[in-house]
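Let me begin by presenting the structure, written as structure tokens, before commenting on it.
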Amino acid sequence: MTAELVLQIVLTVAAGLVGVGLFGALSQQTIVMVMMGLELVLNGVLLAGGAAWYFLAPELPDTQVLVVVALVVMAVEMAMGFAVTVAFYRARQLDMIDMASDLRG
932 MTAELVLQIV LTVAAGLVGV GLFGALSQQT IVMVMMGLEL VLNGVLLAGG
982 AAWYFLAPEL PDTQVLVVVA LVVMAVEMAM GFAVTVAFYR ARQLDMIDMA
1032 SDLRG
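Counting in this note's numbering, the final residue of the sequence shown is number 1036, and the numbers go up one at a time with none missing.
Next up, the structure:
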């Protein structure tokens, strides 16, 4: 396989992740499913960025370090989001986005 073909395959997978994640984030009503859809979108963007960066400058390890740091930040962000979701559910039995939008003041 040539490098161009591999890049096309990786970018196609990344576009698929973004598409599925966007559909999941926009079509679901539960908070957890929306967060999972957004996670898929971010993973697709990271995969596309990392692949493009790797094929532009394969001798530099900066891309790998940046992708690992971004994945760690995303994992921490998702853990905090799930913690807030669990707190909402325990406090007021909220699990739908429509109900959570009523939390004002």
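We treat Cβ as the ideally placed atom computed from N, Cα and C, and that holds for glycine.
Residue 1027 by DSSP, collapsed to three states: which one? In the three-state scheme derived from DSSP, where H, G and I count as helix and E and B as strand, residue 1027 is classed as strand.
With a threshold of 16 other CB atoms inside 10 Å of the CB of residue 968, please say whether the residue is buried or exposed. The residue in question, residue 968, is buried, as its Cβ has 16 or more Cβ neighbours within 10 Å.
To the nearest angstrom, how far is it from the Cα of residue 986 to the Cα of residue 965? Residue 986 and residue 965 have their C-alpha atoms spaced approximately 32 angstroms apart.
Along the chain, where does the alpha helix (DSSP H) that runs through residue 990 open and close? No alpha helix (DSSP H) holds residue 990; DSSP gives it neither H nor E.
DSSP three-state label for residue 943, please. Collapsing the DSSP output to three states places residue 943 in a helix.
Taking the alpha carbon of residue 935 as the reference point, which residue from 1006, 1014, 1027 and 982 has its own alpha carbon closest? Residue 935 has its Cα closest to that of 982, out of 1006, 1014, 1027 and 982.
Does DSSP classify residue 961 as helix, strand or coil? In the three-state reduction of the DSSP assignment, residue 961 falls in the strand class.
Option in 1016, 1022, 1023 and 1008 with minimal Cα separation from residue 961: Checked all of 1016, 1022, 1023 and 1008; the closest Cα to residue 961 is 1016.
Quick test of your reading: residue 971 and residue 955, contact by CB under 8 angstroms. State the CB separation rounded to the nearest angstrom. Going by Cβ atoms, the distance from residue 971 to residue 955 rounds to 6 angstroms, so yes, they are a contact pair.
In its own chain, which residues sit with a C-beta less than 7 angstroms from the C-beta of residue 949, not counting the 5 before and 5 after it? Here residue 949 has 972, 975 and 976 as same chain residues with Cβ atoms under 7 angstroms from its own Cβ, once five neighbours each way along the sequence are excluded.
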